[in-house]
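Just add 267 to wherever you are in the sequence shown, counting from 1, and you've got the numbering used here. Even glycine gets a Cβ: it sits at the ideal position worked out from N, Cα and C.
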Amino acid sequence: MRIAATGRYLPPKVLTNADLEKMVDTTDEWILTRTGIKERRIASETESSAEMGARAAKEAIKKAGITAKDIDLILVASVTPDATFPSTACYIQHKIGAGKCAALDVQAACSGFVYGLVLGSQFIASGTYKNILVVGCERLSSIVDWKDRATCVLFGDGAGAAILQPRADGKNGLLAFDLGANGGLHEILYLMNGHTTGPEGVEPKDGPHYMRMSGQDVFKQAVTEMGRSAVKVLKTAGITVADLACVIPHQANIRIIEALRDRLEVPPEKCFINVQRYGNMSAACIPVGLDEAQEEFHLKRGDKILLVAFGGGLTWAACVFEW
268 MRIAATGRYL PPKVLTNADL EKMVDTTDEW ILTRTGIKER RIASETESSA
318 EMGARAAKEA IKKAGITAKD IDLILVASVT PDATFPSTAC YIQHKIGAGK
368 CAALDVQAAC SGFVYGLVLG SQFIASGTYK NILVVGCERL SSIVDWKDRA
418 TCVLFGDGAG AAILQPRADG KNGLLAFDLG ANGGLHEILY LMNGHTTGPE
468 GVEPKDGPHY MRMSGQDVFK QAVTEMGRSA VKVLKTAGIT VADLACVIPH
518 QANIRIIEAL RDRLEVPPEK CFINVQRYGN MSAACIPVGL DEAQEEFHLK
568 RGDKILLVAF GGGLTWAACV FEW
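Here you go:
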């Protein structure tokens with residue numbers, strides 16, 4: 268497996284910390300100090316998750332030198348699907364004109380894109396498919412409580428995509444991966460389904476159904492599980508941080524990123540960070556970062572890259588692959 272091409276789409280509307288000061292009891296200094304975020308992108312009414320995902324997908328397809336009809340499988344990671352069903356992958360299939368290829372969503376919250384990347388690589392390795400589209404797309408502005416200053420400052424909208432193909436030498440560019448979850452920690456980061464009872468059979472109490480998060484608990488678990496998962500895949504791959512061209516962590520907030528970087532002893536110049544521009548885009552963070560990192564790190568074939576993420580569930584995922 269190799270990543271043949273990537274693409275991204277960010278809505279043009281920018282919401283700055285100064286804008287948030289007018290909406291909720293907060294300050295630019297408070298947000299920047301605690302999160303590292305300066306601004307985030309906000310989707311318009313016409314920029315659904317599927318629409319943003321389709322735009323990122325079209326860019327990746329163009330870069331890969333293929334057409335949408337060449338796509339064999341579409342995997343989409345999102346916690347903000349356009350509908351409960353059909354899947355966002357089906358909507359994207361239609362929007363890009365991919366024909367009748369297989370299409371499904373992967374729900375692992377912020378870890379979703381890495382889950383999708385690993386899942387897609389298995390189809391490539393088995394020889395089942397030759398062109399796989401993996402997309403991470405989120406419209407988190409639609410599930411954020413804009414009166415809750417603890418969460419509304421963190422999130423933004425966007426989409427990223429990647430095309431997976433077999434390598435010419437027949438080798439698997441995915442050197443190692445680790446996927447995991449702890450359903451016992453579901454209560455520290457969740458979004459209730461307004462049409463059903465909660466996972467414990469309890470009816471939602473708070474009207475509109477917004478994302479809920481226990482920040483301190485998420486911080487502790489994120490640093491612990493991302494650190495453990497990253498160490499595991501490096502060991503499995505038989506490499507060290509010194510062998511990596513770059514590390515792309517989930518862009519939750521700067522404190523989590525710095526804590527992870529310290530634990531892994533990653534030099535600042537090897538750690539990709541764009542949280543200051545976009546905030547936390549959940550499943551879109553890693554693919555957008557992957558697309559931008561090519562420009563920032565001038566990635567070339569043979570470079571080794573570490574991706575590591577965590578999300579509601581609690582889920583986590585890490586992988587090392589060769590560019």
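Test item: CB-CB of residue i and residue j under 8 Å
| i | j | result |
| --- | --- | --- |
| residue 499 | residue 514 | no |
| residue 542 | residue 518 | yes |
| residue 396 | residue 339 | yes |
| residue 378 | residue 583 | yes |
| residue 304 | residue 421 | yes |
| residue 576 | residue 504 | no |
| residue 553 | residue 380 | yes |
| residue 398 | residue 341 | no |
| residue 548 | residue 388 | no |
| residue 344 | residue 375 | yes |
| residue 413 | residue 290 | yes |
| residue 570 | residue 512 | yes |
| residue 391 | residue 432 | yes |
| residue 585 | residue 497 | yes |
| residue 563 | residue 539 | yes |
| residue 364 | residue 448 | no |
| residue 370 | residue 357 | yes |
| residue 574 | residue 590 | no |
Residue i beta carbon near the ligand NAP (any heavy atom closer than 7 Å)
| i | result |
| --- | --- |
| residue 369 | With respect to the ligand NAP, the structure shown offers nothing to examine, as it has no ligands at all. |
Boundaries of the beta strand (DSSP E) in which residue i is found, first to last residue
| i | result |
| --- | --- |
| residue 282 | 281-283 |
| residue 587 | 582-589 |
| residue 432 | 424-432 |
| residue 341 | 340-344 |
| residue 514 | 513-516 |
| residue 443 | 441-448 |
Candidates the options: closest to residue i by CA position
| i | options | result |
| --- | --- | --- |
| residue 301 | 378, 482 and 347 | 482 |
| residue 555 | 442, 501 and 426 | 426 |
| residue 294 | 366, 416 and 392 | 416 |
| residue 410 | 502, 485, 506 and 478 | 478 |
| residue 273 | 576, 323, 501 and 355 | 323 |
| residue 298 | 342, 313 and 544 | 544 |
| residue 362 | 442, 486, 319 and 389 | 319 |
| residue 460 | 476, 446 and 447 | 476 |
| residue 407 | 526, 581 and 551 | 551 |
| residue 530 | 491, 486 and 423 | 491 |
| residue 277 | 566, 558, 567 and 371 | 558 |
| residue 419 | 580, 288, 564 and 570 | 288 |
| residue 423 | 561, 315, 581 and 568 | 315 |
| residue 516 | 568, 528, 367 and 506 | 528 |
| residue 495 | 270, 526 and 405 | 526 |
| residue 402 | 367, 275, 292 and 535 | 275 |
| residue 523 | 313, 546 and 441 | 546 |
| residue 439 | 393, 286 and 405 | 393 |
| residue 568 | 373, 436, 502 and 509 | 436 |
N- and C-terminal bounds of the alpha helix (DSSP H) containing residue i
| i | result |
| --- | --- |
| residue 485 | 482-504 |
| residue 576 | No alpha helix (DSSP H) contains residue 576, which is instead part of the beta strand (DSSP E) from 571-578. |
| residue 531 | 521-531 |
| residue 363 | 355-363 |
| residue 552 | 552-564 |
| residue 544 | 542-545 |
is_contact[residue i, chain C] using C-beta, thresh 8 Å
| i | result |
| --- | --- |
| residue 479 | Checking the listed chains, one finds no chain C in this structure; it contains a single protein chain. |
query: At what residue ranges does the stretch 276-327 contain a whole run of the beta strand (DSSP E), taking only runs of 3 or more?
result: 281-283 and 306-308
Do the stretch 279-294 and the stretch 305-312 meet, that is, are 3 or more Cβ pairs less than 8 Å apart? yes
**Prompt:** With contact counted as at least three CB pairs below 8 Å, one residue from each stretch, are the stretch 346-362 and the stretch 444-456 in contact?
**Reply:** Inter-segment contact for the stretch 346-362 and the stretch 444-456 is absent: fewer than three beta-carbon pairs are separated by less than 8 Å.
Check whether the stretch 428-446 and the stretch 318-335 touch, using three or more Cβ-Cβ pairs below 8 Å as the test.
yes
Contained beta strand (DSSP E) runs [length at least 3] in the stretch 374-438, N- to C-terminal order: 399-406 and 424-432
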